[in-house]
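For reference, the structure discussed in these notes is given below.
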Amino acid sequence: MIREELEDLEDKFLHPKAARSKDSKGRGKPEKKCELRTDFQRDRDRIIHSKAFRRLKHKTQVFLSPLGDHYRTRLTHTLEVMQIAKTIAKSLRLNEDLVEAIALGHDLGHTPFGHAGEKILSDILGKPFRHYAHSITVVEKLEKDGFGLNLTFEVLDGIVKHSKGKGPIFDESKLAKTLEGQIVRLADIIAYVNHDIDDAVRAKIISLDDIPKDILKNLGYTHGERIHNAVKDVVLSTIENNYEKVVMSDKMLKLIEDLREFLFANVYLCDIIKEEFDKAYKVLFDLYKFYENNYDAVPELFRKAAKDKKTAIVYFIAGMTDRYAIEEYKRIYLPSNWHI
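Residues 90 to 429 (this note's numbering) are what the sequence shown spells out, left to right.
Dropping the structure here:
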């Protein structure tokens, strides 16, 4: 059987500490094995074919509903994370299929309007809305008309442990059980601190001259140099650490943290983006109030998946793309043109 041959190849060529498909802790609901694909390959395919994955192309990364063709969306961010993560995994002889599945699924639970949407839904719930936790809800309760994707433990663990926000990059309480999951966490921040510079420069919010010179000198002057240097550092540092964890050197970690702080101060919280976030806040909050008063308009899928009315509405809104939320807002709150 082809799957068994692939599993044998994993045994022969992967590092001893790599996750192996045949050793997976399995799925929540046992299934018959595929004749062609390993369990992690099946997870990757299920994620790619999911509705939530397709919606990522119309969800904000940093710039809300950008008109330019070259700004990142949540989907292109996801693909960049996957590419960086697979490069690291291949260099370390870890399981690329597992890395690919985690990377492709890591942002499935993101809201419309990026982290602004996350903040809005947190205010509505009265407690933090975490996109990484909602990603698990998406793949377990909402996809496939409520049946879920039934992913393996290792992929679910990598998805829920990928995010760090403004918190520490290395947090033992949020460390994935597999080295492959740990790779995706680092690939995520390597991707976004670099591509967000690219987009911010394109939007003329900052110029490269604004970035502290010591960061550029030590990390790299171009997008490609910065990613290459960060990836190389992760690979070499992890080997030096004897694969105990996937790590960065102290020097690289400081550079990445300083660059992230620069982006928070000069891009993510700048007046231009804040103005757009304020508009997004009104759109999503007004949508929530409408569905609160017209609960029958919330699809049954979300009402069945949630424990209460408020949560069901939040699930529904969280799944919207930017453009769907805007069009729904127009349909509900703005007058339509008369047709004669």
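Using N, Cα and C, we set each Cβ at its ideal position, and we do this for glycine too.
Whole-angstrom distance between residue j and residue i, CA atom to CA atom
| i | j | result |
| --- | --- | --- |
| Gln40 | Arg349 | In this structure the chain extends from 90 to 429, so residue 40 is not present and cannot be described. |
| Ile213 | Tyr370 | 11 Å |
| Phe374 | Glu381 | 10 Å |
| Thr311 | Phe366 | 29 Å |
| Leu103 | Tyr160 | 36 Å |
| Glu261 | Ala205 | 27 Å |
| Lys101 | Thr165 | 33 Å |
| Gln130 | Leu95 | 11 Å |
| Leu376 | Tyr281 | 29 Å |
| His342 | Leu181 | According to the sequence shown, residue 342 is Leu rather than His. Roughly 19 Å between the two C-alpha positions. |
| Ser252 | Asn426 | 44 Å |
| Glu364 | Lys179 | 42 Å |
Beta-carbon proximity of residue i to residue j, cut-off 8 Å
| i | j | result |
| --- | --- | --- |
| Glu99 | Asn239 | no |
| Arg163 | Lys148 | yes |
| Phe351 | Ile300 | yes |
| Glu188 | Val324 | A small correction: the amino acid at residue 188 is Val; Glu does not occupy that position in the sequence shown. No, the pair does not count as a contact, with Cβ atoms beyond the cut-off. |
| Asp132 | Ala190 | yes |
| Glu346 | Ile258 | yes |
| Ile304 | Ile279 | no |
| Phe218 | Val335 | no |
| Ile294 | Ile209 | no |
| Val228 | Gly235 | no |
| Leu145 | Asp196 | yes |
Closest by C-alpha distance to residue i, when choosing among the options
| i | options | result |
| --- | --- | --- |
| Ile173 | Ala319, Asp132, Ile248 | Ala319 |
| Ser113 | Ala276, Leu181, Thr241, Leu358 | Thr241 |
| Leu268 | Asp285, Asp360, Gly247 | Gly247 |
| Arg143 | Thr167, Glu120, Asp158 | Thr167 |
| Tyr332 | Leu95, Glu94, Pro105 | Pro105 |
| Cys359 | Ala292, Lys179, Leu376, Leu181 | Ala292 |
Assumed close pair residue i, residue j - CB separation to whole angstroms, cut-off 8 Å
| i | j | result |
| --- | --- | --- |
| Ser110 | Asp128 | 5 Å |
| Glu232 | Ala141 | 6 Å |
| Ala414 | Val356 | Ala414 to Val356, Cβ: 23 Å. No contact. |
| Asn307 | Leu344 | 6 Å |
| Arg92 | Arg116 | Between Arg116 and Arg92 the Cβ distance is about 15 Å, and since that is not below 8 Å, they are no contact. |
| Lys398 | Tyr418 | Their Cβ separation, rounded to whole angstroms, is 20 Å, which puts Lys398 and Tyr418 out of contact at 8 Å. |
| His223 | Ala407 | 6 Å |
| Lys230 | Ala394 | 4 Å |
Cβ shell of residue i (< 6 Å), same chain only, five flanking positions each side left out
| i | result |
| --- | --- |
| Ala192 | Val170, Met171, Ala174, Val273 |
| Phe405 | Val387, Phe391 |
| Ser326 | Val336, Met337, Ser338 |
| Gly309 | Arg315, Asn318 |
| Ser211 | Pro217, Phe218 |
| Ile421 | Phe379 |
Cβ shell of residue i (< 7 Å), same chain only, five flanking positions each side left out
| i | result |
| --- | --- |
| His199 | Lys148, Arg163, His220 |
| Ile137 | Leu193 |
| Lys250 | Lys263, Leu264, Ala265, Gly270, Arg274 |
| Ile177 | Ile272, Ala276, Val320, Val323, Val324 |
| Asp287 | His312 |
| Met90 | Glu124 |
| Val372 | Ala414, Ile415, Tyr418 |
8 Å Cβ shell around residue i - same chain, five flanking residues per side excluded
| i | result |
| --- | --- |
| Ala386 | Phe379, Tyr380 |
| Ile225 | Gly198, Leu245, Ile248, Val249 |
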